[in-house]
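To start, the structure itself, in structure tokens.
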Amino acid sequence: MRWTADQVLALAPDAASREAGSELGAASPWSEAGHSDEGTVWGLCKGSGSKPYRTVIDVADASGPAYTCSCPSGKVPCKHALGLLLLWAGGDGAVPRGQAPDWAVRWASDRRRHVREEGRGKRTTDGASGDAPAGREAARRRAERRSEHVTAGAVELERRLGDLLRGGLAAAEREGYGLWEETAARMVDAQAPGLASRVRELGAIPASGPGWPVRLLEECALLHLLGQGWLRRERLPDGLAATVRSRIGLPAPAEGPALRDHWSVLAQYDTADSRLTTRRIWLHGARSGRTVLLLSYGAAGRAPELSLPVGLVLDADVRAHPGAGRLRVALGERYGRGDASASGQGARPPGVGVARAAALYGEALRDDPWLDSYPVTLSGVVPGPDGGDGGSRGCGGGGGTGDRWQLADADGDSALPLTSSARSRSGLWRLVALSGGAPVTVFGECGHRGFTPLTAWPQGPGAAVPLC
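Position 382 of the sequence shown, counting from 1, maps to 560 under our numbering, and the rest follow consecutively.
Here's what the structure looks like:
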């Protein structure tokens, strides 16, 4: 099944690529374009040079499309791949079914062979390591050494947090990022990247506006709780101990039982810092009813490889990573190719009301106190400005004054404030336009700062509308 234009443009790594790809979605710059029953799409795009760019896309992989292009762009996908996908999504006229040229066949065949060999090699390696006593003993010693390093880092962090609180939070405002960067570097040396990441985030809080001392104290308390959780991990329940190890940053392979389902892609968005781009992809299982999270990473300035447009439905296995909540999964074996839901109905999970959404987040915090947000689908809610009367109930306390927005139950009894990041996105206005004052269904992340809408559907039949 062909994708829609919105599903194609959702793959763009940034707004500039989205605009440039849209311009190349017409037939005029393309020649010798076509697609095969095997899921290969190809074409030649006229560029500034004498030779056209060769663009090939593999749309048969259920984990998302793969791309190659002879252009010099470092973006994935590049504007030519986006343009070709838009052309293909428009119908057979400009991208007819046919026999792929040799250069497209070679790339697609090599890529699929590499994927198969990589899978066989991983299974062989996993089996060998599991059967070698010497390898297991060496791994045990490495794990012990790392635990010792992390313990030293946790003790050091506890000391530094104590010094900060004894000296007063005003020191954090005076010293700026330098105070936290040096502490984060010590956590990296201690092989605790999760602690380092949380420490770096503290550096931005003193400049975050009114009320920053309260927010800084809250985050310091969570860091203290995480450090104490590590130091006392032997006393914790297995699930919570696994969550602590994950939050510290220790590797935790997905070893849970395989869960096969038809997984609908609910949302996909990227966050980035100076070191890493993180892509979050939310899936919902049609049979299991579970909502799970895929993470994909790319170097700074580069888009992660895994890309799944909203509305895609995967028949696939997933395996959960250790942890009390077991939200994060790894994508396993795929069966057939992914299909894009033409109507968007396949990606619409059942929803709950505002009060239940807040309760779900509270229950999740019991299992993972460091959880910033929890996936929730709200049904029958109306977006609108927050009246500011303090009578709404929700996941977070919100903030601000005249710029506050909320999602309210249709009866107006309960509401969730939108996060500041949600209020600054253009997706807010797409949500308001979709609603037009009528109730809608919204999937998003419910957290202590409020609700971040990611995808919405009209109350009746209609396609999913990405909001991020």
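Heads up, the beta-carbon is just placed ideally off N, CA and C, and yes, glycines get one too.
Proximity winner among the options, relative to residue i (alpha-carbon distances)
i, options, result
"V237", "W583, L262, C249 and V366", "L262"
"S551", "E315, E360, H402 and L505", "L505"
"E201", "T455, L265 and L394", "L265"
"H213", "S206, P207 and L222", "L222"
"G558", "L543, G529 and V254", "G529"
"A593", "D564, R411 and R608", "D564"
"A267", "R582, S602, T329 and A204", "A204"
"E282", "S248, G605, G345 and R338", "The sequence shown places Ala at residue 282, not Glu. The shortest C-alpha separation from A282 is found at S248."
"P561", "L606, W548 and D341", "L606"
"H258", "D581, S287, S226 and A278", "S226"
"L653", "L409, D495, W358 and R323", "Lying before the first or after the last residue shown, residue 653 is absent from the chain, which here runs from 179 to 646."
"L645", "S195, A634 and G346", "A634"
"E483", "V186, V234, P243 and P207", "P243"
"R324", "Y355, R344 and M365", "M365"
"E433", "A420, E397, G217 and R497", "R497"
"L461", "C624, T469 and R320", "T469"
"G664", "V532, V333, D591 and A382", "As displayed, the chain neither begins before 179 nor continues past 646, which places residue 664 out of reach and without an answer."
"L409", "G625, E336 and L187", "E336"
"H626", "A586, D587, L609 and L543", "L543"
"S386", "Y355, A481 and R413", "Y355"
"D591", "T597, T218, A533 and A508", "A533"
"G514", "H499, G503 and D495", "D495"
"G280", "R232, R582, R291 and P274", "One point to set straight first is that residue 280 is Asp, not Gly, in the sequence displayed. Selected option, being the one with the closest Cα: R232."
"T246", "D451, D215, D288 and P274", "D288"
"L342", "V377, G276 and A321", "V377"
"E511", "A316, V293, L404 and A535", "V293"
Residue i: CB within 7 Å of a non-hydrogen atom of the ligand NAP
i, result
"A593", "Of ligands this structure carries none, so the ligand NAP is not represented either."
Residue i, enclosing beta strand (DSSP E) - first and last residue
i, result
"I650", "Absent from the model: residue 650. The displayed extent of the chain is 179 to 646, so no value can be given."
"Y245", "A244 to C247"
"D439", "L437 to A450"
"R512", "V507 to R512"
"S200", "Not the beta strand (DSSP E): S200 falls in the alpha helix (DSSP H), residues A193 to E201."
"H462", "L454 to G463"
"G223", "Checking the sequence, you will find Cys at residue 223 rather than Gly. Taken as a continuous stretch (DSSP letters only), the beta strand (DSSP E) holding C223 covers T218 to C223."
"G212", "W208 to H213"
"D493", "L490 to A498"
Beta-carbon proximity check, residue i vs residue j, cutoff 8 Å
i, j, result
"R526", "A611", "no"
"W441", "L492", "yes"
"L632", "A464", "no"
"A362", "A348", "no"
"L471", "R457", "no"
"V191", "K229", "Per the sequence shown, the amino acid found at residue 191 is Pro instead of Val. Against a cut-off of 8 Å, the Cβ pair of K229 and P191 comes out as no contact."
"G331", "L260", "no"
"S599", "T630", "yes"
"S466", "L490", "no"
"L380", "L395", "no"
"A286", "V234", "yes"
"V485", "L189", "What sits at residue 485 in the sequence shown is Ser, not Val. Cβ distance < 8 Å, so S485 and L189 count as in contact."
"L417", "G345", "In the sequence on display, residue 417 carries Gly and not Leu. In this structure, G345 does not lie closer than 8 Å to G417 by Cβ."
"A419", "R411", "yes"
"G540", "D587", "no"
"V443", "V507", "no"
"L585", "V620", "yes"
"D546", "T449", "no"
"A272", "A211", "yes"
"Y475", "L454", "yes"
"V554", "G622", "yes"
"L177", "G503", "The structure shown has nothing for residue 177, since the chain only spans 179 to 646."
"P250", "K224", "no"
"E360", "I383", "no"
The alpha helix (DSSP H) enclosing residue i, as first and last residue numbers
i, result
"V532", "V532 to D545"
"E359", "Y355 to D367"
"G261", "K257 to A267"
Count the C-beta pairs between the segment 414-433 and the segment 369-384 that are closer than 8 Å, then say yes if the count reaches three, no if not. For the pair of segments examined, the segment 414-433 was found to touch the segment 369-384: the number of CB pairs separated by less than 8 Å reaches three.
Starting from the N-terminal side, write out each stretch of the beta strand (DSSP E) that is 3 residues or longer and does not extend beyond the segment 554-634. With a minimum length of 3 residues, the continuous beta strand (DSSP E) runs that stay inside the segment 554-634 are 583-587, 593-595 and 618-625.
Scan the segment 370-447 and note each continuous alpha helix (DSSP H) run of 4 residues or more that stays entirely inside, going in chain order. Within the segment 370-447, the runs of alpha helix (DSSP H) that reach at least 4 residues and sit entirely inside it are, in chain order, 371-380, 390-409 and 416-426.
The segment 407-427 / the segment 605-619 touching (three or more Cβ pairs under 8 Å): They do not touch, by the three-pair rule.
Inter-stretch contact (C-beta, 8 Å, three-pair minimum) for the segment 385-401 and the segment 339-357: Note that the segment 385-401 touches the segment 339-357; at least 3 beta-carbon pairs, one per stretch, sit closer than 8 Å.
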